[in-house]
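**Student:** Numbering (my numbering), first residue to last: 24 to 222. Positions of the beta carbon are idealized from the N, C-alpha and C atoms, including for glycine.
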Amino acid sequence: SADKIFELADELANFDISLEFLDLGGGLGISYENEVPPSPLDLISCLEDKFKNRKERLILEPGRSISANAGVLLTKVEYIKDNFLIVDAAMNDLLRPSLYKAHHDVCNVKDKKDNLKIWNVVGPVCESSDFLAKNASLDAHEDDLIIVKNAGAYGFVMASNYNSRPKACEILIDGDQSKIIRQRETLDDLLEKEKIEND
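#1: What residues in its chain sit with their C-beta under 8 Å from that of Phe38, if we drop five residues either side in the sequence?
#2: Could you name the residues that DSSP lists as bridge partners for Gln206?
#3: Rounded to the nearest angstrom, how far is the Cβ of Gly198 from that of Ala91, given a contact under 8 Å?
#4: Of all the beta strand (DSSP E) runs that stay within the bounds of the stretch 130–208, which reach a length of 3 or more residues?
#5: Kindly indicate the opening and closing residues of the alpha helix (DSSP H) around Lys73.
#6: Leu38 bridges to which residues according to DSSP?
#7: So, at 8 Å on beta carbons, what are the nonlocal neighbours of Gln206 in its own chain, with the 5 sequence-adjacent residues on each side left out?
#8: Is the beta carbon of Leu155 closer than 8 Å to that of Val148?
#9: Since Leu117 and Gly178 should fall inside the 8 Å C-beta cutoff, what is the C-beta to C-beta distance between them, to a whole number of angstroms?
#10: Looking at the secondary structure, which residues open and close the beta strand (DSSP E) in which Arg80 lies?
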């Protein structure tokens, strides 16, 4: 993709259009299922020769590699049906599994492993795509807290109020201290911006 961007910049230069910078976006991911994403050095060595004679400033966006591992989604098992754990979080809280079929490891907060079963972790939204994890090996029961890992990138920023669901709060953990840095939305928050104009 970098070659395509460089070609486009060169074509624009033929029309006397010069660019101050080239933004190549992301590309530095994290390991979700034991894959090995490129390291920053891998990316630099890949681009170094191609970019060394260019005048533009190079911009990269390594966001996911910085923030994905820094956040988790904590959710409670509300009900169990067949091989489904129905939890209180949903696709509106973490859209990546539904939208991209992205894999996020899950685990029980209690770290129980005595009675492992294969579960699909799903939300309560009336959508067939409302899932957070498929075929997850967990020891889980009603009221257990489940951690959905690697939710620090594209979690809250892609969250929505779909199905009139208030967005979750965000809690910052710093050592043994914790504090709420974003309040959970309420139904009043959802209704606040709605109004009917009187004639």
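**Tutor:** On the basis of the data shown:
#1: none
#2: In DSSP, Gln206 forms no bridge with anything.
#3: Not really, about 21 Å apart at Cβ, beyond 8 Å.
#4: 140–145, 154–161, 168–171, 193–197 and 200–205
#5: Pro63 to Phe74
#6: Note on residue identity: the sequence assigns Phe, not Leu, to residue 38. Secondary-structure assignment with DSSP links Phe38 through no beta bridge to anything.
#7: Non-local beta-carbon contacts of Gln206 in its own chain, meaning distances under 8 Å to residues more than five positions away in sequence, involve Cys192 in chain order.
#8: no
#9: 5 Å
#10: Arg80 to Ile82
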